[in-house]
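Participant: Okay, handing you the structure first.
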Amino acid sequence: MKHTLVALVENQPGVLQRVANLFSRRGFNIESLTVGHTETDRTSRMTIVIDGNKTQVEQVIKQLYKLIDVLRVSDVTDDRTVERELALIKVHSPSPATRIEIANLAEIFRGRLVDVATDAVIVEVTGDDEKVDTILGMLRPYGIKEMVRTGIISMVRGSQVTARSSDGRLPDAAG
Amino acid sequence: MQRLTGSQILCESLLKEGVDTIFGMPGGAIIPLYDTLFQYPFRHVLCRHEQGASHMADGYARITGKVGVCLGTSGPGATNLVTGIATAMMDSVPMVAITGQVPTYMIGKDAFQETDTTGITMPITKHNYLVMDVNDLARVIKEAFHIARTGRPGPVLIDIPKDVTTNTAVYEYPGRVHLPGFRPRMQGHTRQIRQAARLIESAKRPLIIAGHGVILSGAFSELRAFAEKTQVPVLTTLLGISAFPETHPLYLGWPGMHGMYYANMAISHTDCLIAIGMRMDDRVTGRLNAFAPHAQVIHIDIDPAELGKNVPAAVPIVGDAKHVLEALTDEVASGHHPDWMQTLAQWRIEHPSLALPEKPETMSSPWIVRELYHATEGKAVLVTDVGQAQMWAAQHYFFDRPNTHVTSGGLGPMGYALPAAIGVQIGKPEEEVWCVTGDGGFQMTLEELSILVEERLPVKIALFNNNFLGMVRQWQQLFFDKRYSGVKMWNPDFVKLGEAYSIPSMRVKDVDDVRRAIDWARDIDGPAMIEFVVEAEENVFPMVPPGASLQETIESAEDVAPKMQQVAVAAGSDAGGV
Ligand SMILES: Cc1ncc(C[n+]2csc(CCOP(=O)(O)OP(=O)(O)O)c2C)c(N)n1
Numbered sequence: 090m091k092h093t094l095v096a097l098v099e100n101q102p103g104v105l106q107r108v109a110n111l112f113s114r115r116g117f118n119i120e121s122l123t124v125g126h127t128e129t130d131r132t133s134r135m136t137i138v139i140d141g142n143k144t145q146v147e148q149v150i151k152q153l154y155k156l157i158d159v160l161r162v163s164d165v166t167d168d169r170t171v172e173r174e175l176a177l178i179k180v181h182s183p184s185p186a187t188r189i190e191i192a193n194l195a196e197i198f199r200g201r202l203v204d205v206a207t208d209a210v211i212v213e214v215t216g217d218d219e220k221v222d223t224i225l226g227m228l229r230p231y232g233i234k235e236m237v238r239t240g241i242i243s244m245v246r247g248s249q250v251t252a253r254s255s256d257g258r259l260p261d262a263a264g
Numbered sequence: 031m032q033r034l035t036g037s038q039i040l041c042e043s044l045l046k047e048g049v050d051t052i053f054g055m056p057g058g059a060i061i062p063l064y065d066t067l068f069q070y071p072f073r074h075v076l077c078r079h080e081q082g083a084s085h086m087a088d089g090y091a092r093i094t095g096k097v098g099v100c101l102g103t104s105g106p107g108a109t110n111l112v113t114g115i116a117t118a119m120m121d122s123v124p125m126v127a128i129t130g131q132v133p134t135y136m137i138g139k140d141a142f143q144e145t146d147t148t149g150i151t152m153p154i155t156k157h158n159y160l161v162m163d164v165n166d167l168a169r170v171i172k173e174a175f176h177i178a179r180t181g182r183p184g185p186v187l188i189d190i191p192k193d194v195t196t197n198t199a200v201y202e203y204p205g206r207v208h209l210p211g212f213r214p215r216m217q218g219h220t221r222q223i224r225q226a227a228r229l230i231e232s233a234k235r236p237l238i239i240a241g242h243g244v245i246l247s248g249a250f251s252e253l254r255a256f257a258e259k260t261q262v263p264v265l266t267t268l269l270g271i272s273a274f275p276e277t278h279p280l281y282l283g284w285p286g287m288h289g290m291y292y293a294n295m296a297i298s299h300t301d302c303l304i305a306i307g308m309r310m311d312d313r314v315t316g317r318l319n320a321f322a323p324h325a326q327v328i329h330i331d332i333d334p335a336e337l338g339k340n341v342p343a344a345v346p347i348v349g350d351a352k353h354v355l356e357a358l359t360d361e362v363a364s365g366h367h368p369d370w371m372q373t374l375a376q377w378r379i380e381h382p383s384l385a386l387p388e389k390p391e392t393m394s395s396p397w398i399v400r401e402l403y404h405a406t407e408g409k410a411v412l413v414t415d416v417g418q419a420q421m422w423a424a425q426h427y428f429f430d431r432p433n434t435h436v437t438s439g440g441l442g443p444m445g446y447a448l449p450a451a452i453g454v455q456i457g458k459p460e461e462e463v464w465c466v467t468g469d470g471g472f473q474m475t476l477e478e479l480s481i482l483v484e485e486r487l488p489v490k491i492a493l494f495n496n497n498f499l500g501m502v503r504q505w506q507q508l509f510f511d512k513r514y515s516g517v518k519m520w521n522p523d524f525v526k527l528g529e530a531y532s533i534p535s536m537r538v539k540d541v542d543d544v545r546r547a548i549d550w551a552r553d554i555d556g557p558a559m560i561e562f563v564v565e566a567e568e569n570v571f572p573m574v575p576p577g578a579s580l581q582e583t584i585e586s587a588e589d590v591a592p593k594m595q596q597v598a599v600a601a602g603s604d605a606g607g608v
């Protein structure tokens with residue numbers, strides 16, 4: 090099953106390498122991993138989507154905690170979250186007619202054209218990965234020339250803070 | 031405010047951390063550092079190969095409980111340290127490894143003797159640092175020592191570019207560390223301790239297995255008090271040997287690949303396994319799905335990631351062995367288990383595992399170890415290498431005193447014993463230290479013999495020469511139809527070799543001379559070496575074949591064929607190596 094983990098890490102050189110290393114060394118499968126700044130400049134936030142059963146994911150979290158630069162880790166899979174991913178999709182579009190069709194399609198998904206050339210357009214779309222998958226499916230018949238997805242970022246809804254110390258502090262093993 | 035160079039900051043900070051001994055070798059990137067070292071009151075032990083320095087620091091750390099420090103130059107100095115750092119990582123040994131690096135402005139340019147040392151050592155250190163600014167140096171050293179010795183100990187590497195050692199900064203050693211991502215839990219959770227106590231009280235066939243964690247936390251008397259109050263028999267892991275007195279009536283030996291038959295049976299029949307400071311290594315568990323099949327497991331470890339990693343725990347307890355055992359002993363009721371003890375005693379009689387003849391005809395290695403035990407009255411510290419001799423030493427010497435058995439369990443690098451013994455002897459000058467090694471492993475780090483003379487260390491070397499890479503040969507004999515591939519060795523004249531290093535050396539070829547040789551070595555005021563020319567094709571038993579379960583322990587070569595057939599069917603034969 091897919092799990093979404095949110096990790097707060099110290100903004101140290103090499104921290105991404107440490108996390109990536111850990112995943113490859115322990116044989117954990119990463120579906121996607123994104124890193125970016127947070128509200129404070131001392132920390133970065135990673136959203137990691139992994140595939141695994143409960144025990145495997147627990148082990149991932151514990152191993153992440155062993156990294157000195159990792160401050161908190163939360164498994165937000167079962168929380169109510171906002172999940173977003175941005176995709177840029179370059180679609181084959183030989184005529185003005187197809188361009189309009191594609192633009193209309195994009196609009197249904199609240200996407201838009203961000204670049205237009207004689208025989209191609211770039212569609213920008215944001216959403217959870219299901220939505221991105223769906224629009225990709227719709228665009229495929231036109232011919233996708235190039236595509237890039239950022240990977241998921243995730244935040245828990247409501248006033249609760251995603252990577253609180255209390256829920257992250259798993260290490261009381263029973264928990 | 032006083033400004034110091036990076037080298038001075040390093041030396042001042044090492045003093046603050048209580049470092050008295052440094053094992054290392056200089057080189058281009060750390061010449062300025064060595065120039066400063068020269069002016070400080072450290073004992074610098076000049077290794078002949080940086081692998082030696084890393085194992086020396088490891089031996090020193092294991093025997094003293096202090097952080098061992100090793101030092102190497104950039105590039106090859108750093109890569110030579112790698113084996114010892116990985117050893118310390120696998121066995122949770124507190125160590126700080128310091129490496130030189132090319133100057134900051136040359137990093138990334140493939141400069142002479144540049145390697146990505148932090149990149150190389152990332153997976154084999156608890157943490158590592160590349161210090162790019164001399165202003166960070168004092169803080170980094172403070173953190174490195176704190177991380178190395180706190181919680182589950184381990185190696186920390188500090189990579190210091192040459193210009194950082196010569197640049198200056200205002201020096202102030204931080205009083206405390208600020209590491210919000212590193213807060214190991216020491217006390218066990220009360221609710222889980224209560225749960226564990228109830229489980230132990232209701233168990234019919236409880237069993238303790240104590241690992242290196244007990245030694246690392248110094249929980250010797252706590253373990254003993256706990257075992258005696260509950261009257262639960264005690265096993266140790268290989269690295270846990272000497273956590274509990276081996277002649278104690280509750281001691282039952284150690285399980286696993288070369289463990290005792292009755293220890294393996296005990297695990298296979300216990301209904302409550304209390305695992306303390308151990309990580310369920312495959313050499314201990316055998317085939318996992320058949321490990322402790324009837325047991326509810328209480329697993330105590332300071333590293334939460336070990337709980338449930340290989341074996342599910344009914345009651346996981348995160349905490350330091352000493353604290354948890356204290357609390358658990360308070361909480362649990364006294365107990366006794368006469369039926370269980372009776373069963374265990376019966377297994378022991380029927381399958382003694384460690385029985386030896388009064389005197390063998392040939393030069394039998396286990397018997398020689400037993401002679402060493404008698405001659406030293408069990409009071410020596412044994413530092414053992416990797417292979418058959420290591421196993422025989424662990425089996426046939428009985429360690430009663432805390433922390434007197436030093437070996438590499440997790441990584442198992444041949445060549446560990448001699449340099450580690452040097453570190454041990456330096457850490458505990460008053461102890462009688464024996465280096466127990468095979469002819470193969472000895473030749474991997476024998477260059478460190480010079481140190482015995484240079485540093486006046488009375489380490490005694492027991493070299494078990496079978497002219498084979500014995501342990502591998504044993505596997506080839508038992509599991510590969512005796513096709514001896516790459517295991518036969520031509521060897522130098524070890525006695526002449528010892529003498530070339532000014533170390534009194536003797537060769538023993540006859541059982542009748544064994545005891546005399548040991549006494550001879552013990553009487554020498556300084557290092558000595560005995561080459562025991564041992565029976566070439568003796569095997570270590572009992573043995574759990576790779577991929578087999580503990581229930582499938584074999585006790586002799588004749589046992590192998592029938593057992594291996596079942597095992598091959600059950601598991602395939604790719605599980606692990608030597
Ligand atoms: C550095 C390294 N290389 C290879 C091995 C694999 N290995 C394990 S035991 C062994 C044989 C050791 O032979 P020797 O030192 O003579 O000891 P013996 O087993 O004969 O007592 C080998 C090659 C190892 N553990 N470490």
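Respectively, the protein sequence lines represent chains A and B. Numbering-wise (our numbering), the first sequence opens with residue 90 and increments by one. Numbering-wise (our numbering), the second sequence opens with residue 31 and increments by one. Virtual Cβ for every residue (Gly too), placed ideally from N, Cα, C.
Opposite residue 159 of chain B in the DSSP bridges: which residues?
Facilitator: Note: residue 159 of chain B sits in a beta bridge opposite B:188.
Participant: How would you list, in chain order, the residues of chain B whose beta-carbon sits under 7 Å from the beta-carbon of residue 158 of chain A?
Facilitator: Simply 211.
Participant: Looking at residue 136 of chain A: is its Cβ nearer than 7 Å to the Cβ of residue 243 of chain A?
Facilitator: Closer than 7 Å, so yes.
Participant: List, in order along the chain, the chain A residues whose C-beta lies closer than 7 Å to that of residue 339 of chain B?
Facilitator: 148, listed in chain order.
Participant: Between residue 197 of chain B and ligand 1, is the CB less than 6 Å from at least one heavy atom?
Facilitator: False, no ligand heavy atom lies under 6 Å from that Cβ.
Participant: Consider the C-beta atom of residue 476 of chain B and the heavy atoms of ligand 1; say whether any pair is separated by less than 6 Å.
Facilitator: Checking every heavy atom of ligand 1 against the Cβ of residue 476 of chain B, none is found closer than 6 Å.
Participant: Following a CB-centred definition, is residue 502 of chain B positioned closer than 6 Å to any heavy atom of ligand 1?
Facilitator: Residue 502 of chain B Cβ: within cutoff of ligand 1.
Participant: Apart from the five residues on each side of it in sequence, which residues of its chain come closer than 8 Å, Cβ to Cβ, to residue 301 of chain B?
Facilitator: Excluding residues within five positions, the ones whose Cβ falls inside 8 Å are 233, 234, 235, 236, 324, 325, 326.
Participant: Below 8 Å on C-beta distance, what does residue 152 of chain B contact in chain A?
Facilitator: Those within 8 Å of residue 152 of chain B in chain A are 103, 106, 107, 110.
Participant: I need the DSSP call for residue 339 of chain B, collapsed to helix, strand or coil.
Facilitator: Residue state, collapsed to three classes: coil.
Participant: What's the call for residue 350 of chain B, buried or exposed, on a 16-neighbour Cβ count within 10 Å?
Facilitator: The residue is buried, with at least 16 neighbouring Cβ atoms inside 10 Å.
Participant: As an exercise, report each continuous beta strand (DSSP E) stretch of at least 3 residues that is fully enclosed by the segment 323–379 of chain B, in chain order.
Facilitator: Those beta strand (DSSP E) runs which fall completely within the segment 323–379 of chain B and span 3+ residues are 326–331, 345–348.
Participant: Tell me which residue opens and which closes the alpha helix (DSSP H) that residue 155 of chain A is part of.
Facilitator: Segment 143–155, the alpha helix (DSSP H) holding residue 155 of chain A.
Participant: Helix, strand or coil for residue 499 of chain B, going by three-state DSSP, please let me know.
Facilitator: Residue state, collapsed to three classes: coil.
Participant: Taking Cβ-Cβ distances shorter than 8 Å, what residues in chain A pair up with residue 335 of chain B?
Facilitator: Chain A residues near residue 335 of chain B: 148, 151, 152, 154, 155.
Participant: What does a CB cutoff of less than 6 Å around residue 252 of chain B pick up in its chain, not counting 5 residues either side in sequence?
Facilitator: Same-chain partners within the cutoff: 352, 355, 356.
Participant: Consider the Cβ of residue 242 of chain B: report whether some Cβ of chain A lies at a distance smaller than 7 Å.
Facilitator: Not one chain A Cβ lies under 7 Å of residue 242 of chain B.
Participant: Of the residues that make up the segment 157–173 of chain B, which ones have a beta carbon closer than 7 Å to any beta carbon in chain A?
Facilitator: For the segment 157–173 of chain B, which is checked against every Cβ of chain A, the residues closer than 7 Å are 157.
Participant: How close, in whole Å, do the beta carbons of residue 592 of chain B and residue 509 of chain B come, if the pair is a contact with beta carbons under 8 Å?
Facilitator: Rounded, the Cβ-Cβ distance is 14 Å, inconsistent with contact.
Participant: Where are the beta strand (DSSP E) runs, 3 residues long or more, that stay fully inside the segment 183–271 of chain B, in chain order?
Facilitator: Counting only runs of 3 or more, we get 185–191, 198–200, 236–240, 264–266.
Participant: Check for me: the beta strand (DSSP E) holding residue 220 of chain A runs from which residue to which?
Facilitator: That residue, residue 220 of chain A, is in no beta strand (DSSP E); its alpha helix (DSSP H) goes 218–228.
Participant: Let me confirm a value: residue 139 of chain B is counted as buried when at least 16 other C-beta atoms fall within 10 Å, else exposed. Which label applies?
Facilitator: So residue 139 of chain B counts as exposed.
Participant: For residue 399 of chain B, which residues of its own chain have a beta-carbon under 7 Å away from its beta-carbon, when the five flanking residues on both sides are left out?
Facilitator: Taken in chain order, the residues that qualify are 422, 423, 426, 427.
Participant: What separation, rounded to the nearest whole angstrom, lies between the Cα atoms of residue 514 of chain B and residue 492 of chain B?
Facilitator: Using only the alpha carbons, I get a separation of about 25 Å.
Participant: Using a Cβ-Cβ cut-off of 7 Å, state whether residue 114 of chain A counts as contacting chain B.
Facilitator: Closer than 7 Å: yes.
Participant: I'd like to confirm something about residue 439 of chain B: is its beta-carbon nearer than 6 Å to some heavy atom of ligand 1, or not?
Facilitator: No.
Participant: Distance check for residue 164 of chain A and residue 119 of chain A, CA to CA, integer angstroms please.
Facilitator: Residue 119 of chain A and residue 164 of chain A: Cα-Cα distance of roughly 14 Å.
Participant: Taking all protein chains shown into account, decide if residue 142 of chain A is buried (16 or more other Cβ within 10 angstroms of its Cβ) or exposed.
Facilitator: Result: exposed.
Participant: Can you tell me where the beta strand (DSSP E) holding residue 536 of chain B begins and where it ends?
Facilitator: Here the beta strand (DSSP E) through residue 536 of chain B covers 535–538.
Participant: Buried or exposed: where does residue 219 of chain B fall if 16 or more other Cβ atoms within 10 Å of its Cβ makes it buried?
Facilitator: By the neighbour-count rule (16 or more Cβ atoms within 10 Å), residue 219 of chain B is buried.
Participant: Can you tell me which residues form a DSSP beta bridge with residue 163 of chain A?
Facilitator: Beta-bridge pairing links residue 163 of chain A to A:95.
Participant: Could you tell me the alpha carbon to alpha carbon distance between residue 484 of chain B and residue 468 of chain B, rounded to whole angstroms?
Facilitator: So the two alpha carbons sit approximately 24 Å from each other.
Participant: Could you name the residues of the same chain whose beta carbon sits closer than 6 Å to that of residue 124 of chain B, not counting the 5 residues immediately before and after it, in chain order?
Facilitator: Around residue 124 of chain B: 91, 97, 178, 179, 183.
Participant: Runs of 4 residues minimum, wholly inside the segment 374–433 of chain B: which ones carry the alpha helix (DSSP H) assignment?
Facilitator: Here the runs fully enclosed are 395–405, 418–426.
Participant: How about residue 417 of chain B and residue 287 of chain B: do their beta carbons lie closer than 7 Å?
Facilitator: It is not a contact, given that the beta carbons lie outside the stated cut-off.
Participant: Quick one: residues in its chain with C-beta nearer than 7 Å to the C-beta of residue 231 of chain B, no 5 flanking neighbours on either side, listed in chain order?
Facilitator: 362, 363, 365, listed in sequence order.
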